[in-house]
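Novice: In this note's numbering, the protein residues as written are 1 to 106.
Backbone N, C-alpha and C define an ideal beta-carbon position, used for all residues, glycine too.
(1) With DSSP as the reference, identify every bridge partner of residue 4, one or two as the case may be.
(2) I need the straight-line Cα distance from residue 25 to residue 42, nearest angstrom please.
(3) Assuming contact is defined by CB atoms lying nearer than 8 Å, are residue 74 and residue 54 in contact in what I supplied?
(4) Out of 16, 2, 31 and 8, which has the shortest C-alpha to C-alpha gap to residue 56?
(5) With three or more C-beta pairs closer than 8 Å as the rule, is the region 33 to 53 touching the region 62 to 71?
(6) Under the assumption that residue 35 contacts residue 22 (Cβ atoms under 8 Å), give the Cβ distance between them as a whole number of angstroms.
(7) Along the alpha helix (DSSP H) that carries residue 64, what are the first and last residues, could you check?
(8) Could you give the distance in angstroms between the alpha-carbon of residue 32 and the alpha-carbon of residue 86?
(9) Determine whether the beta carbon atoms of residue 27 and residue 17 lie at a separation below 8 Å.
(10) Which of helix, strand or coil does DSSP assign to residue 96?
(11) Could you tell me whether any non-hydrogen atom of the ligand NAD is closer than 7 Å to the CB of residue 9?
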């Protein structure tokens, strides 16, 4: 699966997704880091990728067709959170159907 992650997603999660065989583009440390939400959204849609972000501003796109959005709320990144995030992504059928998911770990 093609995935774009914003700069706030833990490196542990990025690494795990890559180990699972996903094509993950981490915008951390690239010229795209800090990109305006609208520009990031358009880029991700052009590339037909799932977007994983911590920015709840992307909820504005929940009513339009897209390639998948996973919004996670990070209190403190840890292995448990990493595991839960990855398990959401493993259910790839929800991304193919263009659903919008908000993930708030407890």
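Specialist: In short, the structure shows the following:
(1) 25 and 51
(2) 15 Å
(3) yes
(4) 8
(5) yes
(6) Actually they do not touch by this definition, with Cβ atoms about 21 Å apart.
(7) First-last for residue 64: undefined, no H or E at that position.
(8) 24 Å
(9) no
(10) In this prediction, residue 96 scores a pLDDT of 49, lower than 50, which makes its location untrustworthy; the coordinate-derived value is nonetheless stated afterwards. Note: residue 96 maps to helix in three-state DSSP.
(11) This structure does not include the ligand NAD; it has no bound ligands of any sort.
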